[in-house]
Every structure is written in C-alpha cells, then in structure tokens.
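Peer 1: One structure, pasted below without further comment.
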Amino acid sequence: MAKQHARHDGFTLLEMMLTLFIVSVILLIGVVSIPDYEAGGTQGDIERISHFFYNAQTEAMASKSYNIVDIDRAGNTFHLRSRDGNILNSYIPERCQLNSGGLERIIFKPDGDANKFGTISLDCPDSSVRFIFQIERGRFRVE
C-alpha cells in the first residue's frame, strides 16, 4: 500500500514574515513622504477666501438677486451683503492681511457675472497673493 502524504496548501512562517516586511517598508516610505498639512496654513486661508467668493456668486444666482462683497481693509474682513445691505456672511482671514488699493466692492449679478474687473491683494506670511477678477461670469484667478 502506498503512503499518502499530507498536503499543506498554506504559507510558511518565512513567507509570511517576508511579506509583512515588504509591506511594512512600503508603508514606511509612503507615510514619510506624506506632506505636512497645517490646518490654519496660508493655502487653507486662500482656499477659504476663494470659497467665500464662490459662495457669494452661487447665492446671487440661486436667489436671483444681487450679492455684494465689501472688502473692509481696516477690519481685514470680507462681508457678503444682500442687495438691501444686510450682512449674510463675513470672513476674516486667519493668516493673510488685506493690502490697500484694489477693489473695494464686488457685486455679483443674478446671472453670476461680476460688475468690476480688478484685483484684491493680500500679504500672507510666506507670499503675496492676488485675486484677479474678470467681469465675465464672475471668474477670478489666484496668483
């Protein structure tokens, strides 16, 4: 009678350890290369200002009314006002400071267009930033 050999279809301890070692090295390299994100950083501040402008434009289109963004340089604040002057929202930049000169007010029309062409300049800890507005479709870019 022939001997039957037991068949083992699993991994050996050496194979498991080698696989775990390789996965650990890949994870270590990946985690070390993840950039640090500072929640209150300059980039986050600029993104929040951009969202403030997009919100003003979207709100004007949704309500089919004019929305006014006042730039208060003395208070370093952006105010979103309705057509009748009520403050709907405000934003105070955390790290950036508004520069003098440039746009004082932007009006977003019900179709989403802005009423002026111009810039808003800010001094941030690591750079100077400009929001450049176009009249058509209320577009702006950040430099």
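Position one of the sequence shown corresponds to residue 78 (the numbering used here), numbered consecutively onward.
C-beta atoms are modelled at their ideal positions from N, C-alpha and C, and glycine is treated no differently.
These numbers were taken from a predicted model, which means no experiment stands behind them.
For C201, which beta-bridge partners are listed by DSSP?
Peer 2: The residue you call residue 201 lines up with position 124 of the sequence shown. In the DSSP output, where bridge partners are listed per residue, C201 has S204.
Peer 1: Just curious, the beta strand (DSSP E) that S177 is in, first and last residue?
Peer 2: Locating residue 177 in the sequence shown gives position 100, counting from the first residue. No beta strand (DSSP E) holds S177; DSSP gives it neither H nor E.
Peer 1: My understanding is that Q134 touches G189, with C-beta atoms under 8 Å, so please give their C-beta distance in whole angstroms.
Peer 2: Taking the sequence shown and counting its residues from 1, one reaches residue 134 at position 57. Taking the sequence shown and counting its residues from 1, one reaches residue 189 at position 112. Going by Cβ atoms, the distance from Q134 to G189 rounds to 6 Å, so yes, they are a contact pair.
Peer 1: Which value, in whole angstroms, describes the spacing of the CA atoms of C173 and E124?
Peer 2: Here the question's residue 173 lines up with position 96 in the sequence shown. Here the question's residue 124 lines up with position 47 in the sequence shown. Each residue's Cα considered, the two are about 12 Å apart.
Peer 1: Might you give, ordered along the chain, the residues of its own chain that have their beta carbon closer than 6 Å to the beta carbon of F129, omitting 5 neighbours on each side?
Peer 2: In the sequence shown, residue 129 corresponds to position 52, counting from 1. Around F129: F155, Y168.
Peer 1: Who are the Cβ neighbours of R158 in its own chain at under 8 Å, not counting the five residues just before and after it?
Peer 2: By one-based count along the sequence shown, residue 158 stands at place 81. Excluding residues within five positions, the ones whose Cβ falls inside 8 Å are N144, I145, V146, D147, I164, L165.
Peer 1: Could you tell me the distance, in whole angstroms, from the CA atom of A139 to the CA atom of F185?
Peer 2: Against the sequence shown, residue 139 aligns to sequence position 62. Against the sequence shown, residue 185 aligns to sequence position 108. Spanning the two alpha carbons is a distance of roughly 12 Å.
Peer 1: With N192 and I183 assumed to form a contact (beta carbons below 8 Å), what rounded beta-carbon distance in angstroms separates them?
Peer 2: Taking the first residue of the sequence shown as 1, we reach residue 192 at position 115. Taking the first residue of the sequence shown as 1, we reach residue 183 at position 106. So it is a contact: roughly 7 Å between Cβ atoms.
Peer 1: Within its chain, find whatever has a CB closer than 8 Å to the CB of F194; leave out the 5 residues flanking it on each side and keep chain order.
Peer 2: Against the sequence shown, residue 194 aligns to sequence position 117. If we look at F194 and ignore the five residues flanking it on each side, its Cβ neighbours are F210, Q211, I212.
Peer 1: Leaving aside the five residues before and after T196 along the sequence, list all residues of the same chain whose C-beta is less than 8 Å from its C-beta, in chain order.
Peer 2: The residue given as residue 196 occupies position 119 in the sequence shown. Closer than 8 Å at the Cβ level, and outside the excluded window around T196, lie G179, L180, R207, F208, I209, F210.
Peer 1: Between S142 and the rest of its own chain, which residues show a CB-CB distance below 8 Å, the 5 nearest in sequence each way excluded?
Peer 2: As a working mapping, residue 142 is identified with position 65 in the sequence shown. S159, R160, P187.
Peer 1: Under three-state DSSP, which class holds F88?
Peer 2: Translated into positions along the sequence shown, residue 88 becomes position 11. DSSP places F88 in coil when its eight states are reduced to three.
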